[in-house]
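Residue numbers (this note's numbering), protein chains in the order written: chain A, 2 to 194; chain B, 2 to 194.
2 protein chains.
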Amino acid sequence: MVKYPIKKTVMNQTRTSVSNRGMDLEQAINETNQYYIDNDLAYIYKKPIPIQVVKVDYERRSAAKISEAYYKVPSTTDYNGLYKGRYIDFEAKETRSKTSFPLKNIHEHQVTHLSNVIRHGGIGFVIVHFTVLGRSFLLDASHLVVFYERAKSGRKSIELSDFEALGHELKEAYVKRLDYLSVIDRVYIKRED
Amino acid sequence: MVKYPIKKTVMNQTRTSVSNRGMDLEQAINETNQYYIDNDLAYIYKKPIPIQVVKVDYERRSAAKISEAYYKVPSTTDYNGLYKGRYIDFEAKETRSKTSFPLKNIHEHQVTHLSNVIRHGGIGFVIVHFTVLGRSFLLDASHLVVFYERAKSGRKSIELSDFEALGHELKEAYVKRLDYLSVIDRVYIKRED
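Here it is in structure tokens:
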């Protein structure tokens, strides 16, 4: 069994109750997805966090209590679903860096997962939010795979200028907080018409 | 927070160690999916089980221990992924009944989920295994939705004869234990050519 420190998940759980300067990426994406669902534009949802259950207490019949469990290394991504009949799959990450996104924030299994997604005809990408800059980018998984391979022998991060050149900036708005489907329309679906 | 008795999950965890007569449906599907992945035919995987984490101990830095958590009512299905560019999504269920599949085995959220999947252009279905009969069927989500609606005021199960008439029987084999993609090819994809 793989046990794993859970920095990211802990951040997610406490983030809203601690400092909340600027955009909360997960919250923005969840609200955006809810908007898409409410308006029946797309059906994209968050996957459960993978947890390895070790011990369960059955004292109360109504609700079995898990008394020992561990976060597992995620083998897939945070979000997937459907848009206009296409499979959509992505991971969302934040960084406080002003210049680059450190690739240690993404697990190798997740890169393999996204690589599988695009090879089998799905749309796979990452959304990276530079919290200090207040800028967000959508980067296709094909680019992520290249940067990840390069990191094995070279630079271990993706520079902001790479996001500017190869990615698509997402502007935050009041409704549709982070309307990434407008990029999907423009870059992935319109291209195929 | 929704707490929920976990009959199904407990069954899954103990099933291999208890009686193992006949086919273990989850095991058969997992092996089939692995075959598809190994041969790069499709990329279909099991989603994590949704768990509500209440308390985490950080005593050891290397592995945060979850000391209180509960199984949540599943809002989606067990499996999803990609086949020939199409989104695939399904739930797998067993019943010991020889005559019908009780709909209490499926949660309303899961029916809504499958309904969303097919409305947005995905392929959604259930695989039901009649353990005593040793027979398995793939039933499209559109039929499940109808039976589920009917159950609110009428019969609360799907009869074996309904599976025979509206579903597609899956034959178990040595490799590709339960080759459901052959049905997808024949029924969903070929039809669209």
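Every residue, glycine too, gets a C-beta built ideally from N, C-alpha and C. Please read all numbers here as calculations on a predicted model, not as lab measurements.
* Interface residues of chain B around residue 83(A) at Cβ under 7 Å? -> 88, 118, 121, 122, 123, listed in chain order.
* Asked: When you compare each of 28(B), 119(B), 132(B), 107(B) to residue 99(B) by their alpha carbons, which one comes out closest?
  -> 132(B)
* Asked: To which residues of the same chain is residue 96(B) closer than 8 Å at the C-beta, ignoring the five residues directly before and after it?
  -> If we look at residue 96(B) and ignore the five residues flanking it on each side, its Cβ neighbours are 102, 103, 106, 129, 130, 131, 132.
* Asked: chain A partners of residue 205(B), CB-CB under 8 Å?
  -> Lying before the first or after the last residue shown, residue 205(B) is absent from chain B, which here runs from 2 to 194.
* Asked: Which residues in the same chain have their Cβ closer than 6 Å to the Cβ of residue 118(A), if we skip the five residues on either side of it in sequence?
  -> 90, 125
* Whose C-beta lies closer than 7 Å to the C-beta of residue 140(A) among residues of the same chain, with five residues either side of it excluded? -> Setting aside the 5 residues that flank it on each side, residue 140(A) is surrounded in the same chain by 126, 127, 129, 164, 167, 168, each with a C-beta closer than 7 Å to its C-beta; the list follows chain order.
* Asked: Looking at the structure shown, is residue 68(A) part of a helix, part of a strand, or coil, going by DSSP?
  -> Residue 68(A): strand per DSSP, three-state reduction.
* **Inter-residue CB distance, residue 180(B) and residue 33(B) (contact presumed, cutoff 8 Å)** => 6 Å
* **Same chain, Cβ closer than 7 Å to residue 70(A), neighbours up to 5 away in sequence not counted** => 52, 53, 54, 55
* So is residue 37(A) buried or exposed if we call it buried at 16+ other beta carbons inside 10 Å? -> buried
* Could you spell out where the alpha helix (DSSP H) holding residue 26(A) opens and where it closes? => 26-39
* **Residue-chain proximity (residue 142(A), chain B), Cβ-Cβ < 9 Å** => no
* What residue from 82(B), 108(B), 145(B), 177(B) has the CA that sits closest to residue 123(B)'s CA? -> Among 82(B), 108(B), 145(B), 177(B), the Cα nearest to that of residue 123(B) is on 82(B).
* Let me know if residue 110(A) comes out buried or exposed under the rule of 16 or more other beta-carbons within 10 Å of its beta-carbon. => exposed
* Asked: Whose CA, out of 170(B), 148(B), 171(B), lies closest to the CA of residue 160(B)?
  -> 148(B)
* To do: Check each candidate in 178(B), 84(B), 76(B), 73(B) and name the one with the smallest Cα separation from residue 137(B).
  => Of all alpha-carbon atoms in 178(B), 84(B), 76(B), 73(B), the one lying nearest the alpha-carbon of residue 137(B) is that of 178(B).
* **Residue interval of the beta strand (DSSP E) (run including residue 137(A))** => Per DSSP, residue 137(A) belongs to the beta strand (DSSP E) from 136-141.
* To do: With DSSP as the reference, label residue 187(B) as helix, strand or coil.
  => helix
* Asked: Mapping DSSP to helix, strand and coil, what is residue 59(A)?
  -> coil
* Burial state of residue 175(A) (16 or more Cβ within 10 Å) -> exposed
* **Residues of the segment 26-49 of chain A with Cβ closer than 7 Å to any Cβ of chain B, in chain order** => 43, 44, 46, 48, 49
* To do: Could you name the residues of the same chain whose beta carbon sits closer than 7 Å to that of residue 188(A), not counting the 5 residues immediately before and after it, in chain order?
  => A distance below 7 Å between beta-carbons, with the five flanking residues on each side excluded, links residue 188(A) to the following residues of its chain, in chain order: 169.
* Asked: Under a three-way DSSP split, which group does residue 145(A) fall into?
  -> helix
* In whole angstroms, what separates the C-alpha of residue 172(B) from that of residue 134(B)? -> 12 Å
* For residue 78(A) and chain B, any beta-carbon pair shorter than 9 Å? -> no
* To do: Decide if residue 41(B) is buried, meaning its Cβ has at least 16 other Cβ atoms within 10 Å, or exposed.
  => By the beta-carbon neighbour count (other beta carbons within 10 angstroms, threshold 16), residue 41(B) is exposed.
* Asked: What does a CB cutoff of less than 6 Å around residue 115(A) pick up in its chain, not counting 5 residues either side in sequence?
  -> The residues are 125, 142.
* Asked: To which residues of the same chain is residue 60(B) closer than 8 Å at the C-beta, ignoring the five residues directly before and after it?
  -> Only 66 meet the Cβ criterion.
* Within 10 angstroms of the Cβ of residue 27(B), are there 16 or more other Cβ atoms? Answer buried if so, exposed if not. => buried
* Do you know how far the Cα of residue 45(A) is from the Cα of residue 30(A)? -> 10 Å
* Asked: DSSP three-state call for residue 44(A): helix, strand or coil?
  -> strand
* Please say whether residue 112(A) and residue 145(A) have beta carbons closer to each other than 9 Å? => yes
* Asked: Which of the three DSSP states, helix, strand or coil, is assigned to residue 178(B)?
  -> coil
* What are the start and end residues of the alpha helix (DSSP H) that includes residue 163(B)? -> 161-167
* To do: If I'm right that residue 47(A) touches residue 48(B) with Cβ under 8 Å, what's the distance once you round it to whole angstroms?
  => The pair is not a contact, with the Cβ atoms about 11 Å apart (cut-off 8 Å).
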